[in-house]
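Remarks on the structure that follows.
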Amino acid sequence: MKKSFKYRIYANTETIQKAEKWLDLLRQLYNNCLSERIMAYRENKESVSVYTQMRKLPHIKKEFPEYRQISSQTLQDVLQRLDRAYQNFFLRVKNGSKKAGFPRFKGHHRYDSFTLKQAGYKLNGKYLLLKNIGKFKIKLSRPAEGTIKTITVSRTSCSKWFVCFSCDRVPLKLLLKTNKEIGIDMGCKSFLTDSSGNKVKNPRFFKKSQRLLIKRAQKLSHKKKSSNRRNKARILVAKAYERIFNQRKDFHFKVANRLLKENDIVYIEKLKYFKTFRNLNRSMRDAAWFDFFNILKAKAEEAGRKVIEAPARSTSQICSSCGTVVPKDLSVRVHNCSFCGLIIDRDYNSALNILRLGQGLRGAETKVSAMN
Ligand SMILES: [Zn+2]
Numbered sequence: 001m002k003k004s005f006k007y008r009i010y011a012n013t014e015t016i017q018k019a020e021k022w023l024d025l026l027r028q029l030y031n032n033c034l035s036e037r038i039m040a041y042r043e044n045k046e047s048v049s050v051y052t053q054m055r056k057l058p059h060i061k062k063e064f065p066e067y068r069q070i071s072s073q074t075l076q077d078v079l080q081r082l083d084r085a086y087q088n089f090f091l092r093v094k095n096g097s098k099k100a101g102f103p104r105f106k107g108h109h110r111y112d113s114f115t116l117k118q119a120g121y122k123l124n125g126k127y128l129l130l131k132n133i134g135k136f137k138i139k140l141s142r143p144a145e146g147t148i149k150t151i152t153v154s155r156t157s158c159s160k161w162f163v164c165f166s167c168d169r170v171p172l173k174l175l176l177k178t179n180k181e182i183g184i185d186m187g188c189k190s191f192l193t194d195s196s197g198n199k200v201k202n203p204r205f206f207k208k209s210q211r212l213l214i215k216r217a218q219k220l221s222h223k224k225k226s227s228n229r230r231n232k233a234r235i236l237v238a239k240a241y242e243r244i245f246n247q248r249k250d251f252h253f254k255v256a257n258r259l260l261k262e263n264d265i266v267y268i269e270k271l272k273y274f275k276t277f278r279n280l281n282r283s284m285r286d287a288a289w290f291d292f293f294n295i296l297k298a299k300a301e302e303a304g305r306k307v308i309e310a311p312a313r314s315t316s317q318i319c320s321s322c323g324t325v326v327p328k329d330l331s332v333r334v335h336n337c338s339f340c341g342l343i344i345d346r347d348y349n350s351a352l353n354i355l356r357l358g359q360g361l362r363g364a365e366t367k368v369s370a371m372n
């Protein structure tokens, strides 16, 4: 199994400055290659491939000696990132997304990580040595497992540094079978409701941190551009974001671990990807569900559990008992079926539908594989 392990790293000012210099060089490379692609298309309707750009790297190193200190694999990774940005853009266009978001030029503070493959780094006890940069002290909260394939060094917007080891062949930590399955419905009032009728509350600390975030963002908007005070305000905003992010992640891990410990299979609704909302709260909430599902899936893989996505169309409208469509808008919190007389909580009804849809889907899958 593949898995990433992330650690905070520390270094002296000189080392940090060198790492920042790298980020800036890589950012410029990214921007120049993006501009090359744009020009080639504008002038000759040509698309430049990632391989064409990679072939130019030795030439770039010759012309701009400052790039010689950076390993070729790290430079290639920059071009691959740009290529992924293009591929994602085309995918969004294909999916008919209104805001396809053409790959953007990266401003200062907008390019914040680089990747090293086998060469260029050494792990030495408590220290991470990066060739041509220097020595970082690493805070190993838990040891990395498996074989390290690549490492990514990153800087957060509040100037904290991290290293992430992407590992291969990480041993599984299988959980004991429970012979139980569950469907979950994500909600606004409750974070989720499961098909046994249990609810997980939406934690209130998000709201508290959100208030802090809004306050700090307002302060930032009043500061003069490129002033020292503005930079300080920017860091405070970033810290508030980071706090929300960390709290949310902790909460997601706890909920995911409990669901997987108690159930062999968890059925979830398939989220639509490229939804864009005008409403900030709503898009934040959707992003939170997406992150939660990703954590749930990753944890399930590690534990030998299954997460199955059901294409959840109108799960809130259909009666989980008799299948009758009972139309209701978001404000109606109770499912009341006049056909079979079922009266239950709206989200509980949805969770039961997701369980049923998911189990049906799994049945179909096994039939197909049996036929082969
Ligand atoms: Zn009914």
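Be aware that the sequence shown starts at 1, since it is given in my numbering, and climbs by one per residue. Each residue gets a CB set at the ideal place from its N, CA and C atoms; glycine is no exception.
Does the separation of the CB atoms of residue i and residue j fall below 9 angstroms?
| i | j | result |
| --- | --- | --- |
| Ile70 | Trp161 | no |
| Lys306 | Ile265 | yes |
| Lys299 | Val170 | no |
| Gly134 | Lys21 | no |
| Gly304 | Leu172 | yes |
| Leu116 | Thr152 | yes |
| Ser209 | Arg243 | yes |
| Leu361 | Ala288 | no |
| Val200 | Lys6 | no |
| Arg37 | Tyr86 | yes |
| Phe114 | Leu26 | yes |
| Ser379 | Phe165 | The displayed coordinates of the chain run from 1 to 372. Any statement about residue 379 would go beyond what the structure contains. |
| Arg356 | Gly183 | yes |
Can you tell me the Cα-Cα spacing of residue i and residue j, whole angstroms?
| i | j | result |
| --- | --- | --- |
| Thr276 | Asn294 | Any answer about Thr276 is weak, because its pLDDT of 48 lies below 50 and its placement is not dependable; what the coordinates show is given next. Cα to Cα, the separation comes out at about 19 angstroms. |
| Asp77 | Tyr67 | 14 angstroms |
| His59 | Ser97 | 38 angstroms |
| Leu128 | Val334 | 56 angstroms |
| Lys225 | Arg110 | 17 angstroms |
| Phe274 | Met186 | Annotation note: pLDDT 44 at Phe274 (below 50); position unreliable, no value reported. |
| Ser190 | Asn202 | 5 angstroms |
| His222 | Lys239 | 18 angstroms |
| Gly358 | Thr150 | 36 angstroms |
| His108 | Asn231 | 12 angstroms |
| Ser331 | Ser157 | 39 angstroms |
| Phe105 | Phe251 | 34 angstroms |
| Lys270 | Lys56 | 42 angstroms |
| Gln80 | Asn132 | 22 angstroms |
| Leu75 | Arg84 | 15 angstroms |
| Thr324 | Phe339 | 7 angstroms |
| Asn31 | Asp112 | 14 angstroms |
| Ile148 | Gly197 | 42 angstroms |
| Gly341 | Leu220 | 55 angstroms |
| Gly146 | Leu140 | 15 angstroms |
| Leu82 | Cys322 | 51 angstroms |
| Lys261 | Leu296 | 11 angstroms |
| Ile318 | Val326 | 6 angstroms |
| Arg142 | Arg204 | 29 angstroms |
| Leu176 | Asn246 | 29 angstroms |
| Ala256 | Ile308 | 14 angstroms |
| Phe64 | Leu130 | 21 angstroms |
| Arg155 | Lys328 | 47 angstroms |
| Lys62 | Leu29 | 14 angstroms |
Below 8 angstroms on the Cβ atoms is my contact criterion, and I expect residue i with residue j to pass it. Report the Cβ-Cβ distance as a whole number of Å.
| i | j | result |
| --- | --- | --- |
| Ala351 | Thr193 | 5 angstroms |
| Phe136 | Tyr10 | 6 angstroms |
| Gln73 | Ala119 | 7 angstroms |
| Ala40 | Val48 | 5 angstroms |
| Arg248 | Phe206 | 7 angstroms |
Within 10 angstroms of the Cβ of residue i, are there 16 or more other Cβ atoms? Answer buried if so, exposed if not.
| i | result |
| --- | --- |
| Asn12 | exposed |
| Gln53 | buried |
| Arg346 | buried |
| Leu174 | exposed |
| Val237 | buried |
| Asp24 | exposed |
| Ile384 | This structure does not reach residue 384, given that the chain is present from 1 up to 372, and the question cannot be answered. |
| Thr315 | buried |
| Phe292 | buried |
| Leu93 | Per the sequence shown, residue 93 should be read as Val rather than Leu. Result: exposed. |
| Glu14 | exposed |
| Tyr121 | buried |
| Ser320 | buried |
| Ser195 | buried |
| Gly125 | exposed |
| Asn263 | buried |
| Gly363 | exposed |
| Asn349 | buried |
| Ile343 | exposed |
Q | Contact shell at 5 angstroms, judged by CB to any heavy atom of ligand 1, ordered along the chain | A | This criterion selects Cys319, Ser321, Cys322, Thr324, Cys337, Phe339, Cys340 and Leu342.
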